[in-house]
Amino acid sequence: GDAYNVIPDSVRMHGTVRTFQTETRAKIPSSMLRVAEGVCAAYGTTCELNYMSGYPTTINSVPETEISAKAVVDLLGEDKIILNPTPSMGAEDFSYMLEARPGCYVWLGIGPGKGEAGCMLHSSRYDFNDDVLPTGASYWVKLVENELPA
509 GDAYNVIPDS VRMHGTVRTF QTETRAKIPS SMLRVAEGVC AAYGTTCELN YMSGYPTTIN
569 SVPETEISAK AVVDLLGEDK IILNPTPSMG AEDFSYMLEA RPGCYVWLGI GPGKGEAGCM
629 LHSSRYDFND DVLPTGASYW VKLVENELPA
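Residue numbers (my numbering): 509 to 658.
Written as C-alpha cells, this is what we have:
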C-alpha cells in the first residue's frame, strides 16, 4: 500500500542506470546489491535485486569517426561540425551495432523543426524539419563517394 504514515510490508523501487564507460556499467549491479543488502541488514530485513541491463554505452570508434567527419567537412565545411560534444546520457539502440562492429553514431542538427519553438525529440509536439532531408541524404552520398572512389 501507499498511505501516509504507514509502514508497508514491501517496497519496490524502479530506476534507470546510465554510464559513460562500459567498465563502470559492469560494476553497477553488484554495487547496487551490496548497498541494498547493507541497508536491509541495518533494518533487519532482506532484499532481492532484479537488475535488467538496458542499452549499452554508445562509443564511436576513432577511425570511423574520422571518416564520418571528413564527409561532413567536405560537404558542409569545418564550421558545421562538432567533433567532441559534451557526452550524452541518452540511450541509443545503435550502441548494440557499435559493440559488434566499429562505427560512428552521427547526430544531424535540424533546428527546432516547425512545431513549438525549442521542442525536442520524444515530445508529442515535435514536428520534424523536412528541409534538412537533402542535407542528411547528401551526407550519406558523400560518405560513400569518399570511401568508394570511382
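Each residue gets a CB set at the ideal place from its N, CA and C atoms; glycine is no exception. No experiment lies behind these values; they were computed from the predicted model shown.
**Prompt:** In the structure shown, what three-state DSSP assignment does PHE602 receive?
**Reply:** helix
**Prompt:** Quick one: what's got a C-beta closer than 7 Å to LEU583's C-beta in the same chain, skipping five residues either side?
**Reply:** The residues are SER646, TYR647, LYS650.
**Asked** Between the C-alpha atoms of GLU545 and PHE602, what's the straight-line distance to the nearest angstrom?
**Response** 35 Å
**Prompt:** Taking the alpha carbon of VAL654 as the point to measure from, which residue in TRP615, SER576, SER596, GLY611 has its own alpha carbon closest?
**Reply:** Residue 654 is actually Asn in this sequence, not Val. Closest option to ASN654, Cα to Cα, is SER576.
**Request:** Using three-state DSSP, classify CYS548 as helix, strand or coil.
**Result:** helix
**Request:** Tell me whether TYR647 sits in a helix, a strand or coil according to DSSP, three-state version.
**Result:** helix
**Message:** Once DSSP output is grouped into helix, strand and coil, what is the label at ASP635?
**Reply:** If DSSP states are grouped into helix, strand and coil, ASP635 belongs with coil.
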